[in-house]
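Residue numbers (our numbering), protein chains in the order written: chain A, 1 to 233; chain B, 1 to 255. Structure record follows, encoded as structure tokens.
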Amino acid sequence: MIEIRNISKRFRKLQVLNNVSLLLQKGECVALIGPNGCGKTTLLKSVLGMVLPDQGQILFNGKTISRDNHYRAQIGYMPQIGRYPENMTIGQVIDMVRSIRNSAGPEDNDLYERFAIGSMVDKKMRTLSGGTTQKVSATLAFMFSPQVLILDEPTAGLDPVAAEILKEKIIDLRDKGCLIIITSHLLNELEDMVSEVVFMQEGNLILHKNVRELKEMTGKETLAKSVVELLKT
Amino acid sequence: MKRILKYVALDILKNRIVLAYALMLALFSWSAFGLESNASKGVLTVLNIILLTVPLVSVLFATIYVYNSSEFIELLVSHPVKRGMIWTSLFVGVSLSLVLAFLLGAGIPVLLFADIGTAVMMILTGSFLSVIFVAVAFLASILTRDKAKGIGISIMLWLYFSLLFDGIVLFLFFQFSEYPIEKAVVLLSALSPVDLSRILILLHLDVSAMMGYTGAVFKNFFGTQWGLVLSFAVLTLWVVLPFMASLRKFNRKDL
Chain A
1 MIEIRNISKR FRKLQVLNNV SLLLQKGECV ALIGPNGCGK TTLLKSVLGM VLPDQGQILF
61 NGKTISRDNH YRAQIGYMPQ IGRYPENMTI GQVIDMVRSI RNSAGPEDND LYERFAIGSM
121 VDKKMRTLSG GTTQKVSATL AFMFSPQVLI LDEPTAGLDP VAAEILKEKI IDLRDKGCLI
181 IITSHLLNEL EDMVSEVVFM QEGNLILHKN VRELKEMTGK ETLAKSVVEL LKT
Chain B
1 MKRILKYVAL DILKNRIVLA YALMLALFSW SAFGLESNAS KGVLTVLNII LLTVPLVSVL
61 FATIYVYNSS EFIELLVSHP VKRGMIWTSL FVGVSLSLVL AFLLGAGIPV LLFADIGTAV
121 MMILTGSFLS VIFVAVAFLA SILTRDKAKG IGISIMLWLY FSLLFDGIVL FLFFQFSEYP
181 IEKAVVLLSA LSPVDLSRIL ILLHLDVSAM MGYTGAVFKN FFGTQWGLVL SFAVLTLWVV
241 LPFMASLRKF NRKDL
């Protein structure tokens, strides 16, 4: 579904992505992990066309994404830190995205209801707490029934109840055949969601493995322990 | 484009600065025409106010607006919208509202008091100046991520076009006064949209008779139809070139 071919990106002197290639398929739930500043967010933003790689190509359903924007109709993106126009209310932001997306498909208002966004539509974005902003981001990402979900640290800042709701939603969509890409540092939390692990370090892709294979390889029972084991060696 | 433009326009309307700008222009223009005994003098006063304030307000407001829209831009780029569309909508939204404010504030009194030729010329050049300085502001604000630096660049550009450039031309005029440089000055004036606008309007007034030989050369050039067409072509270039440069940069920017 998404094929990343040898992309490299450099910000001034810093090589953020170094010849990264990756193939992601439908129905997978991919955990993108690695230390801070290893290029995870840059990789995700390249897929979204927000960062333009210096070299390499990204294919979405077999078509290159450069100079295209229609493919983004099939992606829901939840940024790490959602930044929204400060003077707009939650309702206005949702309406605006809705009108700009102009999607004909049915809307998925599951998260909208479960996060009780409806009761705060008149609140200005400026006044929201970090967690509430995350809830708005999540709602927007899932609202248009996308085939691909790109979630950058989705549960950071959410309270345990909201995090659980989001997790359920992610598992639900994974089972429906969506491709889900998550970055997170909370390995325990990823345990029951992810099917694939991608590990990055200093802009290089170190490993891309199925979770089951990874556990067999390291001989550990949980994802967290396997990754720690892997890091030691 | 229409959809994005709608949100930009609504946002600018809500922020009352443009409204205040229109009121300020109206206040200046009405009092200038009210205080001066003859309309021609009033036109001169209004001309000076327009040439100073319109570029300043346009360049500052547009620069700050672009920086404050960074969240808006960031929100939209991850959705299926062309990048160029976002930038163009912002540009059109800001330009339109500033032109509208100018027309409401200064356009109405100028139309009422000045003779029709001068009034049309003033309205056209004022509108062009608004859009030109919005384009310059867009270029300045895409050059750097730092807001303070961006606003600094904008103010510098305004100072250059409104004050410094005149100084340079005057200096050259005196230095080379023994040579026939009148034609060169005509060329030089195209390098600053503010000066070009000033000349275009002054030629419509009686005072142009007092500009001596240079005035005659100006009249010979700018007074003709070709001169006029050429002048407006240059003004259009002043909009298109900075905006296109900024658009190119925006399309390649990492957000």
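The beta carbon of each residue, even a glycine, is placed where N, CA and C say it ideally should be.
Contiguous alpha helix (DSSP H) elements confined to the stretch 8-48 of chain B occur at 17-35, taking only those with 4 or more residues. Sequence-ordered contacts of the stretch 49-61 of chain A with chain B read Gly49, Met50, Val51, Leu52 [C-beta pairs closer than 8 angstroms]. Across the structure, A/Gly91 and A/Ile117 are spaced so that their CA atoms are roughly 9 angstroms apart. Apart from the 5 residues on each side of it in sequence, A/Met88 sits with its Cβ closer than 8 angstroms to the Cβ of Met96, Lys124, Met125 in its chain, given in chain order. Residue pairing for A/Ser8: DSSP places it in a beta bridge opposite A/Gln55.
Below the 9 angstroms Cβ cutoff, chain A contributes Asn87 as neighbours of B/Lys14, in chain order. A/Lys209 and A/Gln201 have their C-alpha atoms roughly 15 angstroms apart.
In the three-state reduction of the DSSP assignment, A/Val121 falls in the coil class. Along the stretch 73-96 of chain B, going in chain order, the ones with a CB nearer than 7 angstroms to a CB of chain A are Glu74, Leu75, Leu76, Val77, Ser78, His79, Pro80, Val81, Lys82. A Cβ-Cβ contact shorter than 8 angstroms links B/Pro80 with A/Arg101. Within the stretch 172-207 of chain B, the runs of alpha helix (DSSP H) that reach at least 4 residues and sit entirely inside it are, in chain order, 182-189, 193-202.
Take the alpha-carbon of B/Phe72 and the one of A/Ala104: they are about 23 angstroms apart. Secondary structure of A/Ser21 (DSSP, three-state): strand.
Distance check between A/Glu86 and each of B/Ser78, B/Ser70, B/Leu96 places B/Ser70 closest, using alpha-carbon atoms only.
Listed in chain order, the non-local C-beta contacts of A/Gly177 below 7 angstroms within the same chain comprise Lys26, Gly27, local neighbours out to five positions each way being set aside.
Under the Cβ distance rule, B/Tyr67 does not count among the residues neighbouring chain A, no pair being separated by less than 8 angstroms. In the three-state reduction of the DSSP assignment, A/His185 falls in the coil class. In chain order, Ile4, Ile7, Lys9, Leu17, Leu52, Pro53, Ile58 place their CB closer than 8 angstroms to the CB of A/Ser46, counting only its own chain and leaving out the 5 sequence neighbours on each side. Here B/Asp11 is buried: its Cβ has 16 or more other Cβ atoms, across all protein chains shown, within 10 Å.
Cβ atoms of B/Val134 and B/Phe165 stay farther apart than 8 angstroms, at about 19 angstroms. Contact annotation: in the stretch 107-127 of chain A, no residue has its CB less than 8 angstroms from a CB in chain B. Within the stretch 76-105 of chain A, the runs of alpha helix (DSSP H) that reach at least 4 residues and sit entirely inside it are, in chain order, 90-101.
Cβ-Cβ distances below 7 angstroms link B/Thr125 to Ser197, Leu200, Ile201 in the same chain, with the five nearest sequence neighbours on each side left out; the list follows chain order.
Around the beta-carbon of B/Asp195, 16 or more other beta-carbon atoms lie within 10 Å, marking it buried. Counting only runs of at least 3 residues, the stretch 82-141 of chain B fully encloses no beta strand (DSSP E) element at all. Using a 10 angstroms sphere on the CB of A/Ile75, the tally of other CB atoms reaches 16 or more, which defines it as buried. In the structure shown, A/Lys176 adopts coil according to DSSP, grouped into three states.
A/Met143 has a beta carbon lying at 8 angstroms or more from every beta carbon in chain B. Sequence-distant partners of A/Pro79 (beyond 5 residues in either direction) whose C-beta falls short of 8 angstroms from its own C-beta, in its chain, are Ser137, Asp152. Rounded to whole angstroms, A/Asn36 and A/Leu14 show a C-alpha spacing of 14 angstroms.
Look at A/Asn69 here: in three-state DSSP terms it is coil, with no helix or strand label. Listed by position along chain A, the residues whose Cβ is nearer than 7 angstroms to that of B/Tyr7 are Met96. C-alpha of B/Val234 to C-alpha of B/Val240: approximately 10 angstroms in a straight line.
Beta-bridge analysis with DSSP links A/Ile150 to A/Tyr77, A/Ile181. Secondary structure at A/Asn204: strand, using DSSP grouped into helix, strand and coil. For A/Leu173, the closest of A/Pro146, A/Leu205, A/Gly56 by C-alpha to C-alpha distance is A/Pro146.
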